[in-house]
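As you go down the protein sequences, you meet chains A and B in turn.
Per UniProt numbering, residue 1 is the first one in the first sequence, and the count goes up by one each step.
Per UniProt numbering, residue 1 is the first one in the second sequence, and the count goes up by one each step.
All C-beta atoms, glycine included, are put in the ideal place defined by N, C-alpha and C.
2 protein chains.
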Amino acid sequence: MQTIPKELVLKKFPTLEDSLLDELLAESTLKEVGEGEEVMRSGQYITSTILLLRGLLKVYREDDEGNEFMMYYLEAGNACAMSMMCTARNEKSQIMVKAVTDAEVLLVPSHLSELWLGKYKTWHNFVIASYRQRFEELLQTLDSIAFKGLDERLLFYLKSHVKVSGNEVKLSHQQIANELNSSREVISRLLKKLEQTGAITLHRNYIEVHDLTIV
Amino acid sequence: MQTIPKELVLKKFPTLEDSLLDELLAESTLKEVGEGEEVMRSGQYITSTILLLRGLLKVYREDDEGNEFMMYYLEAGNACAMSMMCTARNEKSQIMVKAVTDAEVLLVPSHLSELWLGKYKTWHNFVIASYRQRFEELLQTLDSIAFKGLDERLLFYLKSHVKVSGNEVKLSHQQIANELNSSREVISRLLKKLEQTGAITLHRNYIEVHDLTIV
DNA sequence: TAACTTCAGTGACTCTTATCACAGAGGGAT
DNA sequence: ATCCCTCTGTGATAAGAGTCACTGAAGTTA
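Listed below in structure tokens is the structure:
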């Protein structure tokens, strides 16, 4: 097991109280994951809560029939709310977490995470805040799927991608189609239209984003 | 203000500890709402958490552009997770809560609800459990919107309606269309198809459900 | 009973998205 | 250069869902 950089934890999770931090450092394990690696896969039992120290993760959900869609990005300083939820019920996960960039995660054993809810006020605030934030995001996603056309959703997707990882969106049309639950051809066509407005420029394997507000 | 029936509260919320129950009875207000009435409307500031003592409520969400869709039914013994969430941020609600049947709700002032999170372990368990449950339901809804056709969603909708209020679904096609974000004609046609399978019988203003599993 | 109002059924048409089929284009690897 | 493989572009076609226009049916009210 590697030593956990206390400085970093302190910096990324400033709201957590001191005694909790000590326990956190003592009891949790540090894991490094490389770009594209899976942090957690669908079907496993969830035994830890995930705290993200560095890097960027992507959280997917998979339903009974194998359909999958992205729920949200997880940035450093956040916890995976889904892992906390499932944890509680001792269920198999229906979620998949993948590293978008190289990343460091802190794995907190589930039983401790539960215990701390009662023991540390800052922890339970942290957990509740996480729930709320994800809930809100989920509602956003729901809104957009329920009410918007694919064109708007694509725009929304590109925006969120730019926000977390810059103006070179390194994705193939196929990958985008998968995440939006559509098909490549359709995405290609929509992207083409976007290119014609001047908002983006298409390349092989990546998209150069100029300005998505003009559309 | 009416007196709150302690027996009922005790029965519907058995997990709450005794001292909390006393405070709850002392500090919250009881409100009776008639069938069809709005308990909370979109755009108001949320100043209380809603606990449902008796009856059935329906929780909708409304987005910026005025689109609305049903999030879940709330049965006696449950709390409205949405009201707890919004509460925390002192935001205007984007939710609308309507009584499906006559109902009695307990309104807990927001600041108390927040305070109790730290003070009563059973309260924070209760709150966290509510979040989890709603989160799960929301994911269900998301799945079905993202991956299912309207026919399956209609089926799902009818099932959930039957579960909470019996085999006579007292809704017009128009109402169903609204809640599924579709249009009356389309719903009419789908219902007609369902009728032809023998699963339901259509009437004016209500639908008689025989067996939805056979479809 | 007659007039009115709300619900439900149906055909014709349009729009969006999905699917199929295929043609290039861009970049390795040999 | 040549071969190969993945990614992208495009037309044709089809399915699902929304819209429009209109008819009839069931209740309600006067």
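Contact check, residue i vs residue j, beta carbons under 8 Å
i	j	result
M84/B	L138/B	no
V209/B	I200/B	yes
E38/B	V97/B	yes
A81/B	Y131/B	yes
G55/B	A103/B	yes
K58/A	V100/A	yes
L158/B	L74/B	no
Q174/A	R189/A	no
L107/A	I50/A	yes
F156/B	S144/B	yes
Y206/B	V169/B	yes
F135/A	F69/B	no
Host beta strand (DSSP E) of residue i (start-end)
i	result
V108/B	A103 to P109
L74/A	E68 to E75
L56/B	L56 to E62
E208/A	Y206 to V209
A99/B	I95 to A99
E38/A	E38 to M40
Identity of the residue in the options nearest residue i by Cα
i	options	result
V112/B	G77/B, L74/B, Q133/B and S48/B	The question names Val, but residue 112/B is Leu in the sequence shown. Considering only alpha carbons, the answer is S48/B.
K12/B	E62/B, H203/B, S165/B and L53/B	L53/B
M40/B	I128/B, L158/B, P109/B and Q94/B	Q94/B
T141/B	R61/B, V105/B, S165/B and Q174/B	R61/B
S42/A	L107/A, L25/A and D64/A	D64/A
L191/B	L202/B, S182/B and N181/B	L202/B
P109/A	E195/A, A26/A, R204/A and L194/A	A26/A
L150/B	K119/B, K193/B and G166/B	K193/B
K119/B	L21/B, T3/B and I4/B	L21/B
G161/A	T29/A, I176/A and K148/A	The sequence as given places His at residue 161/A; Gly does not occur at that position. H161/A has its Cα closest to that of I176/A, out of T29/A, I176/A and K148/A.
S182/A	V33/B, E136/B and A146/B	A146/B
K31/B	T3/B, E195/B, L10/B and E136/B	T3/B
S28/A	R153/A, K6/A, E68/A and E35/A	K6/A
E23/B	L10/B, G34/B, V33/B and A79/B	L10/B
L8/B	Q196/B, Q44/B, N78/B and E35/B	N78/B
E114/B	V215/A, I128/A, W116/A and E114/A	I128/A
Opening and closing residue of the alpha helix (DSSP H) in which residue i lies
i	result
A26/A	D18 to E27
V9/B	K6 to K12
Residue i Cβ short of 7 Å to the ligand ATP heavy atom set
i	result
F147/B	Absent from the structure shown: the ligand ATP. Ligands present: none.
*Taking only runs of the alpha helix (DSSP H) that begin and end inside the stretch 124–199 of chain B, which ones reach a length of at least 4 residues, in chain order?*
150–165, 173–179 and 184–197
_Touching by the beta-carbon criterion (3+ pairs, under 8 Å), the stretch 117–129 of chain B and the stretch 13–27 of chain B_ = yes
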